[in-house]
Every structure is written in structure tokens, then in C-alpha cells.
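*Asks:* Mind looking over this structure? Questions follow.
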DNA sequence: GCGACAG
DNA sequence: ATCTTGTCGC
């Protein structure tokens, strides 16, 4: 908990050294879990070039997973594994270090304004964007949760073209935390994009869109499918 | 007590 | 997250 607060002080919410028009590479990391063996998981780091082609991947098996997943505390479970993969890349293939990272989880679109993508960005000093497939629900009571879900349903119907989005604000202070973004013409459900670290929301949206051939951005799709394959 | 809640 | 199954479309 004290670690989180120390990291949070260093969070940066605007573009730092990022020129979306001349991105050379983009990275992603994903963790897949075994259903049969609760202590086993696989972490996969991928690097894609500016044409969204896979140019590097590395996977590590976790055999002693003990931390459970608790909603709102994803970073508590996954951060150490993401950090390990980045440290390894820095040691062995530093010339492949991506300009920007997509993280499977939210950035500031979070109860404490500091989700996994932000933790990861600050802890490793990387430019990160948070991407999640499901809406983050702030509300606690069943009643307000249901109304929040209904709100999302209504907002989803307003998305018509690729690149359309709706803002998601903090339920109390109303600050903008992220967007629900339509990434392909075919997809009914948006993805949820937020600032991770050292990146503005507009840049996060633009880069995420550039990465989408399908609903889920290519870097995350690659990391997800490779880590899942390693698990078998 | 049980299920739901980014993954 | 994980599992299954089926269905549609290229």
C-alpha cells in the first residue's frame, strides 16, 4: 500500500517524448492463468513494429503464484511479473525497447485513479496506455451497479463509426478518466482506454486505434494468444 | 451465505 | 482470467 502511494506521486498525465506520427515500435505484456493449476501462469512480452508485425516475443512460466485476483487490485497480482519481463528485455535486448506500451488493464480509469497500466508505467518509467475489454464499475451497491451497466448499454449504442467514443468520468468529482472506444465497424462492444503514464488521453486513443485490426489492439492480441499457447 | 467486480 | 459450444462469414 505504501509502495502504491510512492509510485502514484510520480504519475504523469500528459505526453512526454511521444510523437505518435513517428512511432517505431509498440509493446504489450499479458499474463495467462491455468485453470487446473492455480499456482501456474505464463507471462508473455511482445514487441511489434510500426506495421503491427511481431518482431519479438518472450515468455516466462510462473510456478509459485499465490496472490489472488481481487477486483480493484490487479496490480497487486500482476505488476511484479510485468516488471520482471521488462527488466529482462532491458538486460538482454535493450535495442528492442518499445516507444510505448499497451497494458491489459486500466490506467487512471480506476477507483484510486491508479490501475495496473499506471503502476506499470511509473514502476518501469515507460509510456503506457491502459486497455480493458470490460467496463470498470465504480459503484458498490447492486442497485447502482445495475444502473451503471444500463448507462453503458445506452452509451454503446451511440457509437457508430470506428474511432467514436464516449467519456467515462469519476462518479464523484466528474473528472474524465477514460473512454469507451469503438475500434472496428463490426464490434458492438467498445474497449475501454485510459491514460497509463506519460501520455495524454487523446494520444492514447489515437495510438490504440492505430493498433486495431480487430476489436482488441494487435499487441495485446499477440501477447494474449502466445501466453495462452505456452500454458498448454 | 452467495455472487458480482479490470484480469 | 479459465472453460465450452455453436454459428456466421471469408
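In this note's numbering, the protein residues as written are 91 to 322. Ideal Cβ positions, reconstructed from N, Cα and C, are used throughout, including at glycine. None of the values given here were measured: they were computed from a predicted structure.
#1: Give every residue of the same chain whose Cβ lies closer than 7 Å to the Cβ of residue 102, excluding the five residues on either side of it in the sequence, and list them in chain order.
#2: For the 8 Å Cβ check, are there 3 or more pairs between the segment 253 to 261 and the segment 166 to 186?
#3: Could you check where the beta strand (DSSP E) with residue 182 kicks off and where it finishes?
#4: Return the CA-CA distance between residue 189 and residue 140, expressed in angstroms with no decimal places.
#5: Does DSSP put residue 218 in a helix, a strand or coil?
#6: For residue 159, count neighbouring Cβ atoms within 10 angstroms of its own Cβ and tell me buried if that reaches 16, exposed if not.
#7: Assuming contact is defined by CB atoms lying nearer than 7 Å, are residue 86 and residue 220 in contact in what I supplied?
#8: Quick one: Cα of residue 270 to Cα of residue 217, how far?
#9: Tell me which residue opens and which closes the alpha helix (DSSP H) that residue 295 is part of.
#10: If we count the other Cβ atoms within 10 Å of its Cβ and call it buried at 16 or more, is residue 311 buried or exposed?
#11: Straight-line CA distance for residue 142 to residue 156?
#12: Pull up the CB-CB distance for residue 134 and residue 147, whole angstroms please, since I reckon it's below 8 Å.
#13: Are the segment 231 to 243 and the segment 157 to 176 in contact at 8 Å, needing three or more beta carbon pairs?
#14: If we ignore side chains and look at the alpha-carbon of each, how far apart do residue 128 and residue 154 end up?
#15: Kindly indicate which residue of 228, 314 and 301 has the alpha-carbon position closest to the one of residue 162.
#16: Could you give the residue range of the alpha helix (DSSP H) that holds residue 124?
*Replies:* Looking at the atomic coordinates:
#1: For the purposes of this step, residue 102 is identified with residue 12 of the first chain, where counting begins at 1. Contacts found: 287 and 288.
#2: Flag = no, the segment 253 to 261 and the segment 166 to 186 do not touch.
#3: Locating residue 182 in the first chain gives position 92, counting from the first residue. Judged by DSSP secondary structure, residue 182 falls outside any beta strand (DSSP E) and instead within the alpha helix (DSSP H) spanning 164 to 182.
#4: Translated into the one-based positions of the first chain, residue 189 becomes position 99. Translated into the one-based positions of the first chain, residue 140 becomes position 50. Going from the Cα of residue 189 to the Cα of residue 140 covers about 10 Å.
#5: Residue mapping note: residue 218 aligns to position 128 of the first chain, counting from 1. Residue 218 sits in a strand when the DSSP states are folded into three classes.
#6: Your numbering for residue 159 matches position 69 in the first chain. With fewer than 16 other CB atoms across the displayed protein chains lying within 10 angstroms of its CB, residue 159 is exposed.
#7: Residue 86 cannot be examined here, being either before or after the span of the chain that is shown, 91 to 322.
#8: Along the first chain, one-based indexing puts residue 270 at 180. Along the first chain, one-based indexing puts residue 217 at 127. Each residue's CA atom was taken as its position, placing residue 270 and residue 217 some 20 Å apart.
#9: As a first step, residue 295 must be located in the first chain, where it is residue number 205. 291 to 300 is the span of the alpha helix (DSSP H), which, as asked, contains residue 295.
#10: Walking along the first chain from the start, residue 311 turns up at place 221. It counts as buried.
#11: Residue numbering aside, residue 142 sits at position 52 when the first chain is read from its first letter. Residue numbering aside, residue 156 sits at position 66 when the first chain is read from its first letter. Looking at the two C-alpha atoms, the distance is approximately 34 Å.
#12: Against the first chain, residue 134 aligns to sequence position 44. Against the first chain, residue 147 aligns to sequence position 57. Right, the Cβ-Cβ distance comes to about 6 Å (below 8 Å), so this counts as a contact.
#13: No, the segment 231 to 243 does not touch the segment 157 to 176.
#14: Along the first chain, read from residue 1 onward, the residue named residue 128 stands at position 38. Along the first chain, read from residue 1 onward, the residue named residue 154 stands at position 64. Using only the alpha carbons, I get a separation of about 9 Å.
#15: The residue you call residue 162 lines up with position 72 of the first chain. Nearest of 228, 314 and 301 to residue 162, Cα basis: 228.
#16: Position 34 of the first chain, counting from 1, holds the residue named residue 124. Unbroken run through residue 124: none, as it is neither H nor E.
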